[in-house]
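These protein sequences, in sequence, are chains Y and P.
At position 81 of the first sequence (counting the first as 1) the number is 81 in our numbering, and the numbers step up by one without a gap.
At position 199 of the second sequence (counting the first as 1) the number is 199 in our numbering, and the numbers step up by one without a gap.
Have a look at the structure below, then the notes.
Protein chains: 2
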Amino acid sequence: MPKIQPKYKFAVIAADIVIFTVKDGKLQVLLIKMKKKPFLDMWAAPGGLVRPLESVDNAARRILKEKTGVTDVFLEQLYTFGRVDRDPFGRVVSVAYYALIPNAGLKLKTSAEYGGVEWHPVDKLPELAYDHQEIIGCAVKRLRVKLEYTNVVYSLLPEEFTLGDMQKTYEIILDRELDKRNFRKKILALKILKATEKKTIGEANRPAALYRFLSHRPENIEIL
Amino acid sequence: MPKIQPKYKFAVIAADIVIFTVKDGKLQVLLIKMKKKPFLDMWAAPGGLVRPLESVDNAARRILKEKTGVTDVFLEQLYTFGRVDRDPFGRVVSVAYYALIPNAGLKLKTSAEYGGVEWHPVDKLPELAYDHQEIIGCAVKRLRVKLEYTNVVYSLLPEEFTLGDMQKTYEIILDRELDKRNFRKKILALKILKATEKKTIGEANRPAALYRFLSHRPENIEIL
DNA sequence: CCAAAAGTGTTCAGACTACACCCATGT
DNA sequence: ACATGGGTGTAGTCTGAACACTTTTGG
Numbered sequence: 001m002p003k004i005q006p007k008y009k010f011a012v013i014a015a016d017i018v019i020f021t022v023k024d025g026k027l028q029v030l031l032i033k034m035k036k037k038p039f040l041d042m043w044a045a046p047g048g049l050v051r052p053l054e055s056v057d058n059a060a061r062r063i064l065k066e067k068t069g070v071t072d073v074f075l076e077q078l079y080t081f082g083r084v085d086r087d088p089f090g091r092v093v094s095v096a097y098y099a100l101i102p103n104a105g106l107k108l109k110t111s112a113e114y115g116g117v118e119w120h121p122v123d124k125l126p127e128l129a130y131d132h133q134e135i136i137g138c139a140v141k142r143l144r145v146k147l148e149y150t151n152v153v154y155s156l157l158p159e160e161f162t163l164g165d166m167q168k169t170y171e172i173i174l175d176r177e178l179d180k181r182n183f184r185k186k187i188l189a190l191k192i193l194k195a196t197e198k199k200t201i202g203e204a205n206r207p208a209a210l211y212r213f214l215s216h217r218p219e220n221i222e223i224l
Numbered sequence: 001m002p003k004i005q006p007k008y009k010f011a012v013i014a015a016d017i018v019i020f021t022v023k024d025g026k027l028q029v030l031l032i033k034m035k036k037k038p039f040l041d042m043w044a045a046p047g048g049l050v051r052p053l054e055s056v057d058n059a060a061r062r063i064l065k066e067k068t069g070v071t072d073v074f075l076e077q078l079y080t081f082g083r084v085d086r087d088p089f090g091r092v093v094s095v096a097y098y099a100l101i102p103n104a105g106l107k108l109k110t111s112a113e114y115g116g117v118e119w120h121p122v123d124k125l126p127e128l129a130y131d132h133q134e135i136i137g138c139a140v141k142r143l144r145v146k147l148e149y150t151n152v153v154y155s156l157l158p159e160e161f162t163l164g165d166m167q168k169t170y171e172i173i174l175d176r177e178l179d180k181r182n183f184r185k186k187i188l189a190l191k192i193l194k195a196t197e198k199k200t201i202g203e204a205n206r207p208a209a210l211y212r213f214l215s216h217r218p219e220n221i222e223i224l
């Protein structure tokens, strides 16, 4: 067990965010390259200390916005990681969150503070700082079950999308194939989508109907 | 919004435990009567600051043991409550846990520090300190869903129990009646119990077979 | 003999699974 | 013309829900 440097007199609180998107046919997380010594060149989920006059939820929203610029996406508390030796800089307890953002040509802005900001597929993660491997693993598990009984995919898809897009998103995250006919039947029966008049154009195949979610709020609905 | 007294320079961490049992045909929680000023004579779930060299999980276990003496029961992290003004004594973030303990003639020991320790039915709670009403409400919700897809009732029942005891526990917590035949069929089909040779004796009705859980570890199993 | 909980099967409806072919477009 | 994903229905199986009477004990 590493020695804890009591930089703070009591345990203090940080928030870390596992930011997911689906990109290039893979579930990916946003990681930041560390420049500080014990974790030099390792990667970590974005995070930071909770400020004295800021709620933990707000800290999570702030960090998410700082790194991605997005604000109105699904963001939920995941779990609190409180091992004594999880942070070599001091006694820091991390309240972890996870967020789902659509892959809409988001520009990642790095800063001098970090060695880079990049998406990494969850099935091929680099070496991670702190206990972030555990945190991300936990977030992936949670995301998988959450997809099955809520409508939160809305936060991974663009405003308008095809049923094929939606099914592919499920297949990528759940890592299994779904039956097209059963999937469409199920989803349409739930009445959580409304069809637009539009269809996809310019693709090398038959145009597909575009849908949008009726509600962009998380709701519990048995989906699969 | 009340003014925060910066007793600590940063936010510090406490653990609060919602301790459940089923007693007198009701789901009950263990509460402590406060003696400190802004919450004088109000009740609260047991809790305390996390010590600098103690993990948050260990703090929860410690507090549970201090108040009840029990150790090997189901104890799980619930949620972290991080509103800025949740504690008038300072910036304290609470990692809430919930525990399930069997109602086996547990003796509650009060201390000079508190005005009393008592069980209270969750459907008739007194006025609660801090945000503990929210925390307990959250714990009850979680317990209800958890009962449906895990075996955690084991931690509310004695070592040996009848199927009637088990069904009653479900009915009390879920607050709805269950069909006796369907319940027994389902539970026995899951193979999570083993029948003992024994039967209840001395009751004013037909003796019932006594069962025990095969495993006393939390497992995900579709129960209802 | 009465009260109280234990114990025990069947039927019906709805949900889930598996499965194959034609269609509209771009190249 | 062909490659690509879009779009559609049915039959069989499984699961969950509803439902009533007999048994064994203590009082």
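For every residue, glycine included, the Cβ atom is placed at its ideal position computed from N, Cα and C.
Quick caveat: nothing in here was measured; it's all calculated off a predicted structure.
Item                                                                                                                                   : Value
Chain-ordered chain P contacts of Ile13 (chain Y) [CB-CB under 7 Å]                                                                    : Ala11, Ile13 and Val93
Any non-hydrogen atom of the ligand COA closer than 7 Å to Gly115 (chain Y) Cβ                                                         : Looking for the ligand COA in the displayed structure turns up nothing, as the structure carries no ligands at all.
Close-in-space but distant-in-sequence residues of the same chain around Glu76 (chain P) (CB under 7 Å, 5 per side omitted)            : Tyr97 and Tyr98
Cutoff 8 Å: Leu214 (chain Y) Cβ touching any chain P Cβ                                                                                : no
Environment of Lys35 (chain Y) [buried if 16+ CB atoms lie within 10 Å]                                                                : exposed
Sufficient close CB pairs (3 or more, under 8 Å) joining the stretch 108-119 of chain Y to the stretch 143-152 of chain Y              : no
Identified DSSP bridge partners for Leu231 (chain P)                                                                                   : Residue coverage of chain P in this structure runs from 1 to 224, which leaves residue 231 (chain P) outside it and unanswerable.
Extent of the continuous beta strand (DSSP E) to which Phe213 (chain P) belongs                                                        : Ala209 to Phe213
Amino acids of chain Y, ordered along the chain, whose beta-carbon sits closer than 8 Å to that of Gln77 (chain P)                     : Tyr79 and Thr80
Chain-order list of residues whose beta-carbon lies under 6 Å from that of Lys198 (chain Y) (same chain, five-residue window excluded) : Leu210
8 Å Cβ cutoff met for Val29 (chain P) and Ala45 (chain P)                                                                              : yes
Validate contact between the stretch 128-140 of chain P and the stretch 199-218 of chain P using beta carbons, cut 8 Å, 3 pairs        : no
Interfacial residues, the stretch 157-189 of chain P to chain Y, with Cβ spacing under 8 Å                                             : none
8 Å contact criterion, which Val152 (chain Y) and Val140 (chain Y) should meet: CB distance rounded                                    : Rounded, the Cβ-Cβ distance is 14 Å, inconsistent with contact.
Exposure of Lys67 (chain P), with buried meaning 16 or more beta-carbon neighbours within 10 Å                                         : buried
Top-ranked residue by Cα proximity to Glu171 (chain Y), from Y:Ile19, Y:Lys23 and Y:Ile17                                              : Y:Lys23
For Ile13 (chain P) and Ala11 (chain Y), believed in contact at Cβ under 8 Å, the rounded distance                                     : 5 Å
Assigned secondary structure, Gln5 (chain P) (DSSP; H/G/I helix, E/B strand, else coil)                                                : Low confidence applies here, because Gln5 (chain P) scores a pLDDT of 42, under 50, leaving its location unreliable and the question unanswered by this model.
Residue-level contact to chain Y via CB, Arg83 (chain P), 8 Å cutoff                                                                   : yes
8 Å Cβ cutoff met for Pro218 (chain P) and Phe20 (chain P)                                                                             : no
Under 8 Å between C-beta atoms of Leu178 (chain Y) and Gln167 (chain Y)                                                                : yes
Beta-carbon proximity list for Lys186 (chain Y), same chain, < 8 Å, skipping 5 on both sides                                           : Ile223 and Leu224
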